[in-house]
Amino acid sequence: MRKPKQGLVAIKVIKGDINRALKKYKRKVNDSGHLLELRERQQYEKPKTTRRKQKQQAVREQQRQTILEKIENGDNKAKMFFSKKKKKSYNTNKNEQKGEDLLAKYGLDKK
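This is the structure:
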């Protein structure tokens, strides 16, 4: 459902205090929803696409709740969904060792 439409935003400047008036103006514009509606209208989205996104979000939320419940019940396998994957680390020490071995093999000194 949409918010009821509000009229244009108008602010009176009291005692020449522009900063306070600007602050009030920004707050009223934000509360009125004009900018939000403008952003929504910049690109058309089909109703089916909107429903699909809502459905996908609901499925994700349900899966998340299920996993959290399993974790609370003590299922250790469910924890892997929330743990970070380990990055592959390339052992630079091995590569340096191979280089030193080659230098020693051919009688070259590393300088």
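In terms of this note's numbering, the sequence shown opens at residue 3 and continues consecutively.
Ideal placement from N, C-alpha and C gives every residue a C-beta, glycine not left out.
Item	Value
As assigned by DSSP and simplified to three states, the class of residue 3	Because the pLDDT at residue 3 is just 46, under 50, the model does not fix this residue reliably, and the point stays unresolved.
Cα-Cα separation between residue 30 and residue 77, rounded to whole angstroms	49 Å
Touching by the beta-carbon criterion (3+ pairs, under 8 Å), the stretch 37 to 52 and the stretch 9 to 23	no
Boundaries of the alpha helix (DSSP H) in which residue 33 is found, first to last residue	20 to 34
Range covered by the alpha helix (DSSP H) that runs through residue 63	49 to 74
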